[in-house]
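Report on one structure; see the data block that follows.
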Amino acid sequence: MTTQESFLARHSFIEMTARERAHALLDAGTYRELLGPFDKLESPWLAMQSIVCQSDDGAVIARGSLGGEPAVIAAIEPAFQGGSIGEVSGAKIAAALELALGEIEAGHPIRPVILFETGGVRLQEANLGLAAIAEIQAAIVALRRHVPVVGVIGGMVGCFGGMSLAAALCTGLVMTRQARLGMNGPEVIEQEAGVAELDASDRRLIWSMIGGEERVAVGLADTLVEDDTAQVRDAVLAAFGRGVPAQHRSEDVDGFIERLARVNPDDIDPDTLRTLWTGAGGQNR
Amino acid sequence: MENMRYEYPAKRPVTRRAHVGVVGSGDLEVLLTPSPTANAEVVIRTSVDGYEHVWKSVLDRFFLRYDGAAKFELNDFGATPGVVMLRLSEAVEVSDASDASDSGDTR
Chain L
0 MTTQESFLAR HSFIEMTARE RAHALLDAGT YRELLGPFDK LESPWLAMQS IVCQSDDGAV
60 IARGSLGGEP AVIAAIEPAF QGGSIGEVSG AKIAAALELA LGEIEAGHPI RPVILFETGG
120 VRLQEANLGL AAIAEIQAAI VALRRHVPVV GVIGGMVGCF GGMSLAAALC TGLVMTRQAR
180 LGMNGPEVIE QEAGVAELDA SDRRLIWSMI GGEERVAVGL ADTLVEDDTA QVRDAVLAAF
240 GRGVPAQHRS EDVDGFIERL ARVNPDDIDP DTLRTLWTGA GGQNR
Chain H
0 MENMRYEYPA KRPVTRRAHV GVVGSGDLEV LLTPSPTANA EVVIRTSVDG YEHVWKSVLD
60 RFFLRYDGAA KFELNDFGAT PGVVMLRLSE AVEVSDASDA SDSGDTR
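So the protein lines, in turn, are chains L and H. Quick note: the first sequence uses numbering that gives the first Met the number 0, first residue 0, plus one each step. Quick note: the second sequence uses numbering that gives the first Met the number 0, first residue 0, plus one each step.
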C-alpha cells in the first residue's frame, strides 16, 4: 500500500463524536448506552448561567464487549463545553467506574476504558466538578488493582487540569500525535506567566512539549498511534493484554524524583528531556 | 439563552425516537420522540438571542414536507439555518430508518 492509500484507508478517531468513538471501539453489535440522551441527565447549573445544556452533559457511558470481554467505556464529548467535567458528567464517569469495580468484586470480568477529551473541570460548576474528578481518580486507583484501566487521548482538545492526573493514574495510556497531555494548558501558562515564558500560539513548540509523541517518548504515556480507529482499538486491546503491572507508573514516586533531579530547569528542551529520562533508571515502558 | 416553542399539524404517528448532533460550536443537538398529542411540537433552547423570526422561517419550511407527530427538542449552540435544517432531516431519517429495521435507539 502506498502512503496515500494507507492514509485514505484510515478511519479518523479524532473526527468522531464521543458516542461514535465508544461505538467504534466496542465489538460490533454490543453497544448499549447507560443514562443516554433521552434520560436527560443534564447539568442543573448551566441554564442558570445562560448556557445551553446537552442532554447527556457531554459524557457517554457505554456497555458492551471489547475483544470478547465485557467492557465499559466512558467517553467525553470534545465539542460540548471543551469536554469540561461538570457535576453530572463527572458523576456519570465516576459511577461507571464504581459499577465496574462492583462487577470485578463480584467475580465478573470487565474492561474499563476512558476516552479523555477535556480541558479539565467545568469552571461554571467549580468545586462540584472538582469533587467529581476526585471521585473519578479514586475509582481508577481502586479499579486498577484488579484490571488495567485504559485511557485514550484522541485529540484535538487533549487532556488537561485535574483530568490529566486521572489520565496519569491509568494503567495504560494511548495517545495520537495530535493529542496533548498536560496539567496547565498553554494558554493558561501564557496568561499567567507571560509570553516570554510560553508562546501559546507556537504550535510546533507546544506539541513538542506536551504532544503525544513526546509524552510517549518520555514514558508518561504508553502507545503512540496514528489518528486511526483500528490503531486505537488495537492499542487498547494490547493494553488489556499486558495485564496489571507489578507497579503502576504513578506509584513510581522514587523513580520520578530521581528523574526530576536530572533536569536542569535553566537548560531543558523536549529533546534533552527524552535523553535524560530514557537513559538508565528512567526506563521507558 | 432563549427558549422557544412551536406547534405544527401532523398527519401520521411516529413510533421511534432518534438523537443526532452535539451542542458544539455552530452545531445543535436534536432529540426526536413520539409526540403525546396529534401535533408536532418543537422546543428550542438556543445560545443566540434575537433570531426568533429565522427559527420560525426554518421550521415553517421544514414542516411543509414533514407530517409526523413528533416532539423535537433542539439544544442549539449557534448553528446556522442550513445546519438546523440538516440536523432536523437527519433526525427524521434516523427515526424512519429505525422504524423500518426496528433497531430501537441509534447513535
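By construction, the Cβ of each residue, glycine as well, lies at the ideal position given by its N, Cα and C atoms.
Taking the alpha helix (DSSP H) that residue i belongs to, which residues open and close that run?
i      : result
L/H22  : 17 to 24
L/G101 : 86 to 104
L/N126 : 125 to 142
L/E189 : 185 to 192
L/T271 : 269 to 276
H/A109 : The structure shown does not extend to residue 109 of chain H, since chain H is modelled only from 0 to 106, so the question has no answer here.
L/G154 : Run containing L/G154: none; DSSP gives neither H nor E here.
L/A167 : 161 to 168
H/L31  : Run containing H/L31: none in the alpha helix (DSSP H); it sits in the beta strand (DSSP E), 27 to 33.
L/L122 : Segment: none, L/L122 is in no alpha helix (DSSP H) and carries neither H nor E.
L/M208 : 202 to 209
Any beta-carbon of chain L closer than 9 Å to the one on residue i?
i      : result
H/R4   : no
H/D26  : yes
H/K70  : no
H/D101 : Unreliable placement is indicated for H/D101, whose pLDDT of 45 sits below 50; no coordinate value is reported for it.
H/G44  : According to the sequence shown, residue 44 of chain H is Arg rather than Gly. Output row for H/R44: interface = yes.
Hey, quick one: how far does the beta strand (DSSP E) through residue i stretch, first residue to last?
i      : result
L/E196 : Premise fails: L/E196 is in no beta strand (DSSP E) and is neither H nor E.
H/E6   : 1 to 8
H/F61  : Here H/F61 belongs to no beta strand (DSSP E); instead the alpha helix (DSSP H) covers 51 to 64.
H/A107 : Given a span of 0 to 106 for chain H in the structure shown, any question on residue 107 of chain H remains unanswerable.
L/A78  : Where L/A78 is concerned, there is no enclosing beta strand (DSSP E), given that its DSSP letter is neither H nor E.
L/I113 : 110 to 115
L/V173 : 171 to 175
H/V19  : 17 to 19
I want to verify the contact list: residues of chain H whose CB lies under 7 Å from the CB of residue i, in sequence order.
i      : result
L/P341 : No answer is possible for residue 341 of chain L: it lies beyond the span of chain L, which begins at 0 and ends at 284.
Mind checking if residue i is an interface residue toward chain H, Cβ cutoff 9 Å exclusive?
i      : result
L/S64  : no
L/T222 : no
L/E250 : no
L/E186 : no
L/S83  : no
L/N283 : Note on L/N283: pLDDT 44, under 50, position unreliable in the model; the coordinate value appears next. Judged by the 9 Å Cβ criterion, L/N283 is not in contact with chain H.
Residues of chain H with CB closer than 9 Å to the CB of residue i, please, in chain order.
i      : result
L/T285 : Residue 285 of chain L is absent from the structure shown; chain L starts at 0 and stops at 284.
L/A178 : In chain order: nothing, as chain H lies at least about 18 Å away.
Skipping 5 residues on each side, what residues in its chain have a beta carbon closer than 8 Å to that of residue i?
i      : result
L/R284 : With a pLDDT of 44 at L/R284, under the threshold of 50, the modelled position of that residue is not reliable, and the figure given next carries that caveat. So the qualifying residues of the chain are G218, D221, R248.
H/R4   : E40, V41, V42, I43
L/I209 : G157, R179, L180, G181, P185
H/V82  : G25, D26, L27
H/V53  : P80
L/H107 : P69
Within a Cβ cutoff of 6 Å, which residues of the same chain sit near residue i, ignoring the five residues on either side of it in sequence?
i      : result
L/E32  : A61
L/S318 : Given that chain L is displayed from residue 0 to residue 284, the structure contains no residue 318 of chain L and the question cannot be resolved.
L/R20  : A74, L114
H/E6   : N38, E40
L/G119 : F159, G160, G161, M162
Cβ closer than 9 Å: which chain L residues qualify as neighbours of residue i?
i     : result
H/D75 : V51
Name the chain H residues whose beta carbon is nearer than 8 Å to that of residue i?
i     : result
L/S11 : Ordered by position in chain H, no residue passes the 8 Å Cβ test against L/S11, which lies about 16 Å from the chain.
L/A78 : V21, V22, G23, S24, D26
L/S54 : H18, E28, L30, E72, N74
Along chain L, in chain order, which residues have C-beta atoms closer than 8 Å to that of residue i?
i    : result
H/M0 : A46, S49, I50, V51
Which residues in the same chain as residue i place their Cβ atom closer than 7 Å to its Cβ, once the five residues preceding and following it in sequence are excluded?
i      : result
L/A93  : A131, E134, I135, A138
L/F79  : Q53, G57
L/R121 : Q80, S83, I84, G85, G128
L/M174 : I152, L180, G211, R214, V215, A220, L223
Closer than 8 Å: is that where the CB of residue i sits relative to any heavy atom of the ligand SAH?
i     : result
H/D75 : In terms of ligand content, the structure shown is empty, and the ligand SAH therefore cannot be addressed.
Please list the segments of the beta strand (DSSP E) lying wholly inside the segment 217 to 259 of chain L, counting only runs of 3 or more residues, in order along the chain. 222 to 224
In the segment 2 to 75 of chain L, which residue ranges form an unbroken alpha helix (DSSP H) of at least 4 residues, counting only runs that do not cross its ends? 2 to 8, 17 to 24
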